[in-house]
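There are 2 protein chains.
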Amino acid sequence: MDPHLLRTFVAVARLGSFSAAAEELGYTQSAVSQHIAALEADLKAPLLRRRPVAPTPAGARLLEHAQPLLLRLAAARADVARVNAAPHARLTVGVGPLAPLPALAVALAEVRRSHPGAEAAVRMLTAAAVVEGVATGDLDLGLVGGVAAPTDPLPLPDVGPLTVHGVGEEPVAVVLPFSHPLVAARRGLRLADLADARWLDAPEAAVPLARLRAAAGVEGFRPAVRYAGADPAGVLALAAAGHGLALLPLPLAEGAPGLAAVPVAAPRLVHRVELLLGGAPTDPAAALAERLELPA
Amino acid sequence: MDPHLLRTFVAVARLGSFSAAAEELGYTQSAVSQHIAALEADLKAPLLRRRPVAPTPAGARLLEHAQPLLLRLAAARADVARVNAAPHARLTVGVGPLAPLPALAVALAEVRRSHPGAEAAVRMLTAAAVVEGVATGDLDLGLVGGVAAPTDPLPLPDVGPLTVHGVGEEPVAVVLPFSHPLVAARRGLRLADLADARWLDAPEAAVPLARLRAAAGVEGFRPAVRYAGADPAGVLALAAAGHGLALLPLPLAEGAPGLAAVPVAAPRLVHRVELLLGGAPTDPAAALAERLELPA
DNA sequence: CGTGATTACGGTTGACGTAATCATA
DNA sequence: TATGATTACGTCAACCGTAATCACG
Chain A
15 MDPHLLRTFV AVARLGSFSA AAEELGYTQS AVSQHIAALE ADLKAPLLRR RPVAPTPAGA
75 RLLEHAQPLL LRLAAARADV ARVNAAPHAR LTVGVGPLAP LPALAVALAE VRRSHPGAEA
135 AVRMLTAAAV VEGVATGDLD LGLVGGVAAP TDPLPLPDVG PLTVHGVGEE PVAVVLPFSH
195 PLVAARRGLR LADLADARWL DAPEAAVPLA RLRAAAGVEG FRPAVRYAGA DPAGVLALAA
255 AGHGLALLPL PLAEGAPGLA AVPVAAPRLV HRVELLLGGA PTDPAAALAE RLELPA
Chain B
15 MDPHLLRTFV AVARLGSFSA AAEELGYTQS AVSQHIAALE ADLKAPLLRR RPVAPTPAGA
75 RLLEHAQPLL LRLAAARADV ARVNAAPHAR LTVGVGPLAP LPALAVALAE VRRSHPGAEA
135 AVRMLTAAAV VEGVATGDLD LGLVGGVAAP TDPLPLPDVG PLTVHGVGEE PVAVVLPFSH
195 PLVAARRGLR LADLADARWL DAPEAAVPLA RLRAAAGVEG FRPAVRYAGA DPAGVLALAA
255 AGHGLALLPL PLAEGAPGLA AVPVAAPRLV HRVELLLGGA PTDPAAALAE RLELPA
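For the record, the sequence lines run as chains A and B. Positions in the first sequence are counted from 1; adding 14 to them yields our numbering. Positions in the second sequence are counted from 1; adding 14 to them yields our numbering.
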């Protein structure tokens with residue numbers, strides 16, 4: 015299970031073609047074929063069906079493992095590199111959806127105050143991409159939001175030691191059109207009671223439905239409309255038009271036209287924003303200072 | 015970053031000696047030296063100081079990554095193997111501390127009822143070892159307990175896709191000697207108010223202190239006595255003798271001589287027991303049946 | 001000095017490319 | 001039949017072992 019073999023395996027599976035993977039990776043078609051054959055021999059199981067190229071059940075299982083494995087490998091490399099890395103002047107910050115920009119503004123202002131010469135670049139990304147970027151060193155700093163039980167850390171994908179600091183918690187609310195019968199229950203909405211409602215499936219721009227099922231402890235929360243965008247405003251618009259409910263941070267939800275934002279009473283949930291730094295837990299300010307080159 | 019190199023690196027770091035690692039891995043001293051040199055060249059950083067052999071800061075970071083990486087690698091291998099594996103008659107169950115044996119007994123009875131010919135072996139392990147064993151296929155089934163917010167899944171180390179099923183939740187209680195002033199607060203104990211008390215540090219046999227800090231959202235919970243055993247009875251004895259407090263599942267805690275078990279009112283916590291199976295989520299009974307060979 | 005890590009060197013194995021072959025849409 | 005995966009084979013590098021050397025306690 016050489017990482018190189020794993021890498022070509024995921025490339026082949028993703029592209030659905032040996033030759034395309036070969037070109038992408040700078041190998042010949044033959045080498046790719048040999049890689050896959052070596053993997054299949056090692057694991058004693060066929061991983062791909064050819065013509066058309068598609069993963070077998072065993073290959074699908076391997077794929078699920080391979081991507082996190084390669085990610086962790088990159089994270090390990092980045093983490094070791096950080097130890098001996100020269101500080102750099104450019105600070106790259108990744109911001110996930112549902113990570114409120116006010117918090118980012120405060121953080122950046124603090125950086126500029128303490129490191130007046132440092133440039134800062136901000137990238138808007140998906141939550142998974144922020145975690146990946148911070149782990150692999152592509153990002154110096156990450157800001158992600160999500161729901162969790164109060165004071166609980168966010169359940170982030172485990173790609174290696176990351177420093178996670180909660181920087182804020184806000185209540186969460188269900189957004190629903192004023193016409194919705196549940197608006198009457200102005201206070202004390204139980205999430206489990208909404209399991210049979212129609213929900214917006216907006217995994218990037220609102221709380222994912224799987225998370226709702228886990229939090230409420232019941233099945234349901236069937237998706238009515240899927241919204242692939244990352245902008246919560248789109249979710250608000252869809253909710254106002256009656257296409258389904260969504261769970262959002264209260265500050266984001268309230269004041270939206272045509273919508274009621276009803277806080278969730280049970281289970282107790284908050285929207286939590288966390289600051290991510292690569293490497294083992296340390297003081298965030300000190301860790302940042304170490305990585306930033308102070309102008310002379 | 016060949017896994018082989020990583021494997022010898024962790025062996026060298028663990029044993030503190032190139033030659034000892036060589037013997038353990040069936041290599042020659044020279045090969046081990048070359049492995050480490052290759053790793054250091056690849057990562058462009060010294061990883062070990064020699065004479066005495068000890069990890070450098072960069073090596074320490076790598077170590078932190080290497081163990082989970084190798085574990086995931088083994089898990090991937092096991093997961094693929096499971097797909098094409100022949101069912102076997104022997105069922106191995108790993109039981110973590112704080113996983114109540116009644117639940118195990120019920121589970122085993124159910125297995126024997128549905129698969130009358132299946133032998134079952136039970137191993138008592140640490141929680142981490144249960145997760146590892148299930149992931150790597152050494153165990154067919156795992157049972158672990160821990161505290162979490164109600165309906166929340168337990169925060170288990172992420173070693174790959176595991177099927178996790180909650181099989182029970184019970185209240186948690188602080189155990190304290192009858193003489194303790196807080197016994198008066200028979201109901202409605204707030205965990206945060208106990209941050210300054212003396213606690214038993216029993217990471218295997220009771221809720222770990224780090225978990226308490228995270229749940230209460232405050233620092234504190236300083237350890238008074240460390241108890242390395244895995245048997246909660248030892249914790250009860252220590253608590254009764256006044257050596258410190260501990261958080262335990264209520265059924266375990268109540269009725270212990272000389273102790274009061276006071277339920278925790280805030281934050282809302284439960285002791286949750288989860289059933290672990292290797293592989294992607296499926297129906298647990300069906301998954302087990304697939305792996306068990308029914309006697310003819 | 002002696003234990004133990006490193007370096008030098010040779011044999012073997014394995015990896016990749018070229019090119020021919022095979023298989024399937 | 002054409003596209004694309006596989007197999008054959010040659011070359012070259014990588015790996016590991018033996019043995020000599022080096023270095024720290």
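In this text, a Cβ means the ideal position worked out from N, Cα and C, and glycines have one as well.
Ignoring anything shorter than 4 residues or poking outside the segment 61 to 112 of chain A, list the alpha helix (DSSP H) runs there in chain order.
-> 71 to 97
From the beta carbon of G174 of chain B, is the nearest beta carbon of chain A less than 7 Å away?
-> yes
Where DSSP assigns a beta bridge to H49 of chain A, which residues make up the other side?
-> DSSP, once it has assigned bridges, lists no residue as partnering H49 of chain A.
Give a yes or no on whether 7 Å exceeds the smallest Cβ distance from A209 of chain B to chain A.
-> no
From T22 of chain B to M138 of chain B, what distance separates their C-alpha atoms?
-> 29 Å
Please list the residues of the segment 83 to 100 of chain B that have a C-beta atom closer than 9 Å to any C-beta atom in chain A, keeping them in chain order.
-> L83, R86, L87, A89, A90, R91, D93, V94, A95, R96, V97, N98
Check whether the segment 89 to 106 of chain A touches the segment 226 to 246 of chain A, counting contact only when three or more Cβ pairs, one atom from each stretch, lie closer than 8 Å.
-> No, they do not touch.
In chain order, what residues of the segment 141 to 168 of chain B put their CB closer than 9 Å to some CB of chain A?
-> Cβ contacts with chain A come from A162, A163, P164, T165, D166, P167.
Does R75 of chain A come within less than 7 Å of chain B when only Cβ atoms are used?
-> yes
In three-state terms, what does DSSP make of R126 of chain B?
-> helix
Enumerate in chain order the residues of its own chain whose CB-to-CB distance from H204 of chain B is below 6 Å, with the five nearest sequence positions on each side excluded.
-> One detail in the question is off: residue 204 of chain B reads as Arg in this sequence, not His. Around R204 of chain B: A280.
What's the call for V120 of chain A, buried or exposed, on a 16-neighbour Cβ count within 10 Å?
-> By the 16-neighbour rule on beta-carbons within 10 angstroms, V120 of chain A is exposed.
Label G110 of chain A either buried or exposed according to how many other C-beta atoms from any shown protein chain fall within 10 Å of its C-beta, with 16 as the threshold for buried.
-> buried
Mind reading off the beta-carbon distance from A162 of chain A to R286 of chain A? Whole number of angstroms is fine, and I expect it under 8 Å.
-> 5 Å
Contact between the segment 246 to 258 of chain A and the segment 160 to 175 of chain A: three or more CB pairs below 8 Å?
-> no
Please go through the same chain and pick out, in chain order, the residues whose beta-carbon is closer than 7 Å to the beta-carbon of L223 of chain B, but skip the five residues on each side of it.
-> W213, D215, F235, P237
Any C-beta of chain B sitting closer than 7 Å to the C-beta of L261 of chain A?
-> no
R137 of chain A: first and last residue of the uninterrupted beta strand (DSSP E) it sits in = 133 to 138
Give a yes or no on whether 7 Å exceeds the smallest Cβ distance from L62 of chain A to chain B.
-> no
Classify A25 of chain A as buried or exposed, calling it buried when 16 or more other Cβ atoms lie within 10 Å of its own Cβ.
-> Counting the other Cβ atoms within 10 Å of the Cβ of A25 of chain A gives 16 or more, which makes it buried.
Going by other Cβ atoms of all chains shown within 10 Å of its Cβ, with 16 needed for buried, is T42 of chain B buried or exposed?
-> exposed
Residues in its own chain within less than 7 Å of D210 of chain A by CB, not counting five upstream and five downstream?
-> G234
Alpha carbon to alpha carbon, what distance is there between E54 of chain A and E218 of chain B?
-> 40 Å
Own chain partners of G272 of chain B with C-beta closer than 6 Å, once the 5 adjacent residues on each side are dropped = A254
In the segment 216 to 239 of chain B, which residues sit with their C-beta less than 8 Å from some C-beta in chain A, listed in chain order?
-> A228, A229, A230, G231
Report, in whole angstroms, the separation of the C-beta atoms of L85 of chain A and P17 of chain A, which I expect to be a contact under 8 Å.
-> Going by Cβ atoms, the distance from L85 of chain A to P17 of chain A rounds to 11 Å, so no, they are not a contact pair.
Residues from the segment 276 to 296 of chain A in contact with chain B, defined by Cβ distance under 8 Å = P281, R282, G293, A294
Is the Cβ of E78 of chain A closer than 7 Å to any Cβ of chain B?
-> yes
Proximal residues to A35 of chain A (C-beta, below 7 Å), its chain only, five neighbours per side dropped = T22, A25, V26, L29, V46
Closer than 9 Å by beta-carbon distance: list the chain B residues that pair up with L190 of chain A, in chain order.
-> Within 9 Å Cβ-Cβ: nothing; L190 of chain A doesn't reach chain B, min ~23 Å.
Pairwise C-alpha distance: D207 of chain B and L76 of chain B = Answer to the nearest angstrom: the Cα atoms are 39 Å apart.
Which bits of chain B does A59 of chain A rub up against, with CB to CB less than 8 Å?
-> V94, A95, V97, N98
Give the range of the alpha helix (DSSP H) segment to which T177 of chain A is assigned.
-> First-last for T177 of chain A: 176 to 191, but that is the beta strand (DSSP E), not the alpha helix (DSSP H).
Can you name, in chain order, every residue of its own chain whose Cβ lies under 8 Å from the Cβ of T140 of chain A, other than the five neighbours on each side?
-> G110, P111, E218, A244
Between A:L176, A:V67, A:L259, which lies nearest to G292 of chain A when the distance is taken from Cα to Cα?
-> Of the candidates A:L176, A:V67, A:L259, the one whose C-alpha sits nearest the C-alpha of G292 of chain A is A:L176.
Starting from A72 of chain A, find everything on chain B with Cβ-Cβ shorter than 8 Å and list it in chain order.
-> V94, V97, N98
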